[in-house]
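Data block below; observations after.
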Amino acid sequence: MTRGRRLGVPPGVRRALTFWRRSIQARVVASTLVLSAIVICGVGWFLLSSTKDGLLEHRVDQVLAESDASIDEASTRLEAASGTEVNASRQQRELADLIIARGETRGFSVVLGVPAGEGARLSDGGPEYTTGLDLDSVPASLQGHFEDLAPTAWTYTQITSRTPAGELHEEPGIVVGSQVVLPSDGRTYTFYFLFPLDEEQETLALVTRALLTAAAALLVLVAGITWLVARQVVTPIRMARQVAERLAAGRLQERLRVSGEDDLARLATSFNQMASNLQRQIRQLEELSRVQRRFVSDVSHELRTPLTTVRMAGDVLHDAKESFDPGTRRAAELLQIELDRFEVLLADLLEISRFDAGAALLEAEDVNLLDVVHRVVDSTRALAEQRGVRVVIESPARPCLAEADVRRVERIMRNLITNAIDHADARREIKVLLASDDQVAAVAVRDYGVGLAPGESAMVFNRFWRADPARARTSGGTGLGLAIALEDTHLHGGWLQAWGRPGQGAQFRLTLPRRAGEPLRHSPLPLVPADADDPVPEVAR
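Printed below as a string of structure tokens:
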């Protein structure tokens, strides 16, 4: 199976995203701009709507007044000629010419419709209208309104006309319909007055441009003000971050500069006080740790001389124990056993003191982990037989090699195997598994003993920690074995991990890089054994 290639993010986009994630100032400015833009858009829309409604309302009043004036003038002319003119066609044409001429001088178009009640449309022909006007400019709904006698009505429309050059011109407008009675034939005719809204449109466009200009200037002003305000707050925070990073790097003398008496100044003062307290406590802890390490080292070294003397006396007593009475003989044997354990404890304490002092050195060479495991199993066979436990090595399919310190790796494996023997179930064998690949090598020790309770895997590598304080150490351990094993593993740049469940036993896994100094990213052996009921791993250290 081939993996899909991940699409790369352009460097510019990556830098922009990094700046966005890390800059509070940029996010504050962007958020303020977005909110300000929303508010300005809302206010601008309200102002434009109000301006538009006001312009249209004013224009409607004007066109209604103009149409009423035209109809009144036409009615006056008709009343004056009512007794002399009997030719209806000529009277209709003269009336239309009069109002059309008035419209040309006042900037509106006129259409004289067919008589009411005939049901004919303007497009059917016959009406008088302003030259170049498209009769479709009069909406059909308004024409239907005046099929019978009806009061004056108006509506919005799109006025279409043809220029002298033959080009079509469209513009928004208002059309008003009003009826008059022609005296010569007594029939009712409808006049349609079409008023363009070009002036109102220009006024609205001017207001829109002004609002857009003002909105852009306001956004720039808001961005600048927000940037300055945010900078006054972010700059002290950024300085505090830089000082905190230097403190975290070990420069404990770093402090914030305090200026003023505001909240940020008080925060800087508190930060400096906290840094001073931390510096004092860290120095106290360092001094205490140094004294503790020196005490352990000095005591361990100083105890060697009296221990050697006591060992010599104990060896003499142990060699002569057959001549003693039973009580004294048993005391000599116990003295020898405890002296052995005391020597191991001193050796472990000295090793721990070297780790604490940073004086532990790694002598790396090519090591076959399988050979190391065989040597450790052979050396612990007597202890395993005493416990009635069998240790089984599952040989790997390929050589398990690594650059490591043989002495330290052997000590790690001895601690893991003796610990497994201490806690093993005599009815089940202890398994030692090995595996490796091109980058790492690993060894796992699996036992089926009492196991570990939840959370105990995080403490099993602590010094002198015991899962059951009342449980005796069959191997005569000191309680420092796993702690030393963990330090040895860290010295190799490896992992020492533990898993366990009550009643299911435990498994410890050692993972080392094939080449010293290379980072670890995986292990060829699973931390949770395949025969475990719970697939969830415990803490890895």
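Going by this note's numbering, the residue at position 63 of the sequence shown is 52; the numbering climbs one at a time, nothing skipped. No residue lacks a Cβ here, since even glycine has one placed at the ideal position from N, Cα and C.
Around residue 44, the same chain offers 189, 192 and 193 as residues with beta carbons nearer than 8 Å, after the five sequence neighbours per side are excluded.
When DSSP states are grouped into helix, strand and coil, residue 147 belongs to the strand group. Within 10 angstroms of the beta-carbon of residue 476 lie 16 or more other beta-carbons, which makes it buried. Around the beta carbon of residue 408, a 10 Å sphere encloses 16 or more other beta carbons of the protein chains shown; the residue is thus reported as buried. With contacts defined by Cβ atoms closer than 8 Å, residue 496 and residue 434 form a contacting pair. When secondary structure is reduced to three states using DSSP, residue 155 falls in the coil class, being assigned neither helix nor strand.
Here DSSP, grouped into helix, strand and coil, assigns residue 408 to helix.
The stretch 317 to 326 and the stretch 377 to 396 do not touch, with fewer than 3 CB-CB distances between them shorter than 8 Å. Using a Cβ distance threshold of 8 Å, residue 514 and residue 422 count as a contacting pair.
Secondary structure of residue 369 (DSSP, three-state): coil. Under the criterion of beta carbons closer than 8 Å, residue 62 and residue 97 do not qualify as touching, at roughly 14 Å. In the three-state reduction of the DSSP assignment, residue 8 falls in the helix class.
Relative to the Cα of residue 38, the nearest Cα in the group 135, 1, 139 and 200 belongs to 200.
Going by DSSP, residue 130 is part of the alpha helix (DSSP H) stretching over 129 to 134. Counted as a single uninterrupted DSSP element, the stretch harbouring residue 517 is not any alpha helix (DSSP H), since DSSP gives it neither H nor E. Residue 416: not part of any alpha helix (DSSP H); DSSP gives it neither H nor E.
Closest in alpha carbon position to residue 504, among 517, 483, 487 and 516, is 483. Annotation for residue 233: no residue places its beta carbon closer than 7 Å to its own, counting only its chain and skipping 5 residues before and after. For residue 248, the closest C-alpha among the options 225, 263, 235 and 242 is that of 225. Between residue 84 and residue 110, the C-beta gap is not smaller than 8 Å, which leaves the two residues out of contact. A residue is called buried when at least 16 other Cβ atoms come within 10 angstroms of its Cβ; residue 202 does not meet this threshold and is exposed. Contact between the stretch 154 to 174 and the stretch 121 to 136 is present: 3 or more CB-CB pairs across the two stretches fall below 8 Å. Residue 240 and residue 275 have their C-alpha atoms some 15 Å from each other.
Residue nearest to residue 52 within the set 428, 145 and 296 is 145 (criterion: CA-CA distance).
Around the Cβ of residue 263, a 10 Å sphere holds fewer than 16 other Cβ atoms; the residue is exposed. Shown here, residue 304 sits in a helix according to DSSP, grouped into three states. Burial is judged here by how many other beta carbons sit within 10 angstroms of a residue's own beta carbon; residue 213 has fewer than 16 and is exposed. For residue 508, no alpha helix (DSSP H) segment is defined, and its DSSP state is neither H nor E. Within the same chain, 200 and 204 come within 7 Å of residue 33 by CB-CB distance, once the 5 residues on both sides are set aside. Residue 430: member of the beta strand (DSSP E) spanning 429 to 436, first to last residue. As for any beta strand (DSSP E) of minimum length 3 sitting wholly inside the stretch 161 to 212, the runs are 176 to 185, ordered along the chain. Our two residues, residue 116 and residue 122, have alpha carbons roughly 12 Å apart in a direct line. Here residue 13 is exposed: its Cβ has fewer than 16 other Cβ atoms, across all protein chains shown, within 10 Å. In this model, residue 272 and residue 442 are separated by some 37 Å (Cα to Cα). For a cut-off of 8 Å, the C-beta gap from residue 444 to residue 493 is around 15 Å, too long to register as a contact.
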